[in-house]
Amino acid sequence: MNWLLSHWRTVAPIAAALVSAAVLLAAERPGRRGLAPVAVLVALAFGLAMPGRAGAIQAPLTVGVVIAELARDREDLLHGECALKLLWVMGSALAVEQWAVLSLGLEPRFLWSTALPLSLLLGFVMLGGAPLHFWLGDVLQGARPWLAPLAAAALQVAGASWLSFRLSSIDRYHEGALLAQGVLHAGALVALLTGAATLAVQRRPERRVGTLASLNGALVLTRLASGHPLDAAWLDAWRAHLTLALVGAATLARFLPVSSPSLGRAAPLTRRHPVAAVAGFLSLASLAGFPGLPGANLWLEVARSLARTQTTGLLLALAVTWLTALAVVLRQLREAYGTPAPASPEVHAVPRTPRVALTIVGLVIVGLVALALRSS
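With this note's numbering as the guide, the letters of the sequence shown map in order to residues 65 to 440.
And the structure:
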């Protein structure tokens, strides 16, 4: 209880995200509801709220829970496809990491210089940093609405915990620290620039949300590459924001039009339910680091870390990525509201449950903004 009270800024957004996911689960047909999905929600909640340095057990357990739930629904072919892709990419990363701890008769210096980058690979994959970000778009587009954002967030949080765990004592070995710093710098640079380039050409809203989630994973790599460890306060703020914003943005994306060269009519959500639409766009904009929203603080803190250590190349890459993310969100907003059109009874209403989920997330984001303004 004391831990919950002292970490309420982390617990409250994650709890709101879980409530929204439970609302979406309640809308599923009877065959897809039951004790198993509820147990998955509880397991994901535990993984999202777990202390940040539990990476040694958190990563494989989270991978197992997500793949098992995706594979459980035999009637949903997209679920099966997502499970196979996750098993391929996450299983391969876990297998390579296990190889990294074997001696295999190699010369000691060559052994650790090979094993160290391999031991970081799983964290890179689970964070979804480009070019290993494809699984995020697949999960957000193919998994059920209640599962997709929480599964993606739980895997990314487990990836951050894995890296934090692996790098916790690296400073004791100077050569190892230099090697890890070089790997992290290269990985962060590629993740930022490749993610920005991918985001600029994405057409499907779910894929855009997946790439924005990938860029939020790249923030973790960039902070580590700046020489600053993942302190508990920053990691708590990052995982709470990622979980909350991803639930809202992923729910919103299911009701937005696919991008096209010509601007079409507004989406039914924006025409019939403006409050829920605004609440959803708050989540999307916060993922992109829109000024004034909770996500902007995370982007700004990473930029300050890079400026303090004079890591100019990564700072420029971060700026380009941030501007690209803002431009894409504004484009998505314009496409969602479309061309002006008279009100028509032919516009179908969006079901109540996703609107309730969007409103819950939006209210919490507004509350976080109000708290930030009050404390500033």
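Virtual Cβ for every residue (Gly too), placed ideally from N, Cα, C.
For Val-265, the enclosing alpha helix (DSSP H) stretches over residues 238–265. For the set Glu-399, Gly-193, Arg-368, Leu-346, the Cα lying nearest the Cα of Leu-432 is the one of Leu-346.
Cβ-Cβ distances below 8 Å link Asn-361 to Ala-301, Ala-436 in the same chain, with the five nearest sequence neighbours on each side left out; the list follows chain order. Cβ contact annotation for Leu-142 (same chain, cutoff 6 Å, sequence separation greater than five): Gly-206, in chain order. Residue burial annotation: Ala-250 is exposed, with fewer than 16 other C-beta atoms found within 10 angstroms of its C-beta. Going by DSSP, Ile-429 is part of the alpha helix (DSSP H) stretching over 416–439.
The DSSP-derived three-state label of Met-154 is helix. Three or more pairs of CB atoms, one per stretch, sit closer than 8 Å, so the stretch 191–201 contacts the stretch 274–290. For the pair Ser-156 and Ser-183, the Cα-to-Cα distance works out to about 12 Å. Setting aside the 5 residues that flank it on each side, Leu-379 is surrounded in the same chain by Ala-367, Leu-370, Ala-371, each with a C-beta closer than 8 Å to its C-beta; the list follows chain order.
Scanning its chain for C-beta atoms nearer than 6 Å, with the 5 sequence neighbours on each side dropped, one finds around Leu-227 the residues Gly-187, in chain order. In the three-state scheme derived from DSSP, where H, G and I count as helix and E and B as strand, His-71 is classed as coil. Between Leu-150 and Arg-438, the alpha-carbon positions lie close to 42 Å from each other.
Rounded to the nearest angstrom, the Cβ distance from Leu-204 to Ala-212 is 5 Å, consistent with a contact under 8 Å. In the three-state reduction of the DSSP assignment, Asp-300 falls in the helix class. Shown here for Met-154: same chain residues with a beta carbon closer than 6 Å to its own, the five before and five after excluded, namely Val-127 in chain order.
The three-state secondary structure of Met-114, taken from DSSP, is coil. In this chain, Val-322 is not harboured by any alpha helix (DSSP H), its DSSP state being neither H nor E.
Judged by beta-carbon spacing, Leu-112 lies within the 8 Å limit of Thr-307, meaning their Cβ atoms are closer than that value.
The alpha-carbon separation between Leu-108 and Pro-209 amounts to approximately 15 Å. For the 8 Å CB-CB criterion, Ala-224 and Leu-200 do not form a contact.
Secondary structure at Arg-138: coil, using DSSP grouped into helix, strand and coil. Around the C-beta of Asp-295, fewer than 16 other C-beta atoms lie within 10 Å, and the residue is accordingly described as exposed.
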